[in-house]
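Residue numbers (my numbering): 67 to 413.
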């Protein structure tokens, strides 16, 4: 646009305009989808809750700085602010990409050694960018080492890893100030690590479901799916329909600050379920809880066609919103990562 019109060029280059755009962008929540085979389509598809269209962000030239093989598959792990983390399967490395500064680097192997893409769990890792514009970030993940959960943290400023072993909790914790990472997910009992101040050891929580969940119709384990994240779990129930399944209900539970067990939060209203309950063959999900809102995205595939559902629950008002998404044009493509993000600068 700068090349087309001098007035637009002046407007776009104006610092007040740039500042307003960045303030709006940073306050928005973004959903990013990445498709497999970067040499064919090295593009991130991003949708903001303040827009009505998908944006395409080409990262091919950035990825080429560290990925030298044209047939290499990379996967989107997570994103926050201007930082995006990708995993290289053949190199067993994590790649950090800053979309604004165009900086690209490989993160040194963690103390556990090189890790393939199947080793990463979305609910067990967190990317935390620095509040300043330095471009530095912290990357944390939890893993069981000898049956004990250990938190591994990488600091991009020092380029070093540090490890902290989690300890059994004492029944209370400052949940609002904690970061929750899942070390093990299971319907009966999960193993979650609550991370607070760097001066306090990470705390082990073992949330279980109470009477309400025990009374639910869980006869067939195949009729439900669980998605974990940020101290919450989303339970999706489905029913069989010919060669597919149809989504019937969605519930959200969170870790109770009093007992440390799963506590019922809310379920998606029937009027929304009637609109999103479409046939699917395979379904995956992503969950984020931040600033009093719980966001979930469900991505399903049915006979080669992808469908994306974005739901937001406002905890204070108790209201569910369905964010309508235009077609992402993913028919025939293989999904290589999906994540929520916030704090993105446009320039």
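Using N, Cα and C, we set each Cβ at its ideal position, and we do this for glycine too.
If you look at residue 365, you'll find it isn't in any alpha helix (DSSP H); it sits in the beta strand (DSSP E) that goes 359-368. In this structure, the beta-carbon distance from residue 346 to residue 399 does not fall below 8 Å.
Counting only runs of at least 3 residues, the region 111-157 fully encloses the following beta strand (DSSP E) elements, listed from N- to C-terminal order: 120-124, 140-146, 149-154. Spatial neighbours of residue 176 in its own chain (CB-CB distance under 6 Å, excluding positions within 5 residues in sequence) are listed in chain order as 218, 227.
Assignment of residue 352 by DSSP, reduced to helix, strand and coil, places it in the strand class. Here residue 301 carries a strand assignment [DSSP, helix/strand/coil].
Straight across, the Cα-Cα distance linking residue 255 with residue 209 is about 17 Å. Cβ contact annotation for residue 391 (same chain, cutoff 7 Å, sequence separation greater than five): 113, 374, 376, in chain order. Membership of residue 199 in any beta strand (DSSP E) is not indicated, and neither H nor E is assigned to it by DSSP. Counting only runs of at least 3 residues, the region 197-268 fully encloses the following beta strand (DSSP E) elements, listed from N- to C-terminal order: 203-211, 214-221, 226-231, 245-250, 257-261. DSSP links residue 101 through a beta bridge to 401. In the DSSP assignment, residue 339 falls within the unbroken alpha helix (DSSP H) covering 336-342. Taking residue 117 as reference, the option from 395, 389, 401 with the minimal CA-CA separation is 389. Bridge pairing for residue 174: absent [DSSP]. Under the criterion of beta carbons closer than 8 Å, residue 320 and residue 189 do not qualify as touching, at roughly 13 Å. Around the beta carbon of residue 145, a 10 Å sphere encloses 16 or more other beta carbons of the protein chains shown; the residue is thus reported as buried. Going by beta carbons, residue 350 and residue 339 fall outside the 8 Å limit. The Cβ atoms of residue 194 and residue 232 lie no closer than 8 Å to each other. In the structure shown, the three-state DSSP call for residue 373 is strand.
Distance check between residue 129 and each of 360, 150, 264 places 150 closest, using alpha-carbon atoms only.
Cβ-Cβ distances below 6 Å link residue 403 to 100, 141, 142 in the same chain, with the five nearest sequence neighbours on each side left out; the list follows chain order. Burial state of residue 244 is buried, judged by a 10 Å Cβ sphere holding 16 or more other Cβ atoms. DSSP places residue 193 in the uninterrupted beta strand (DSSP E) bounded by 191-195.
DSSP places residue 89 in the uninterrupted alpha helix (DSSP H) bounded by 81-92.
Per DSSP, residue 312 is one residue of the beta strand (DSSP E) stretching across 310-321. Assignment of residue 77 by DSSP, reduced to helix, strand and coil, places it in the helix class.
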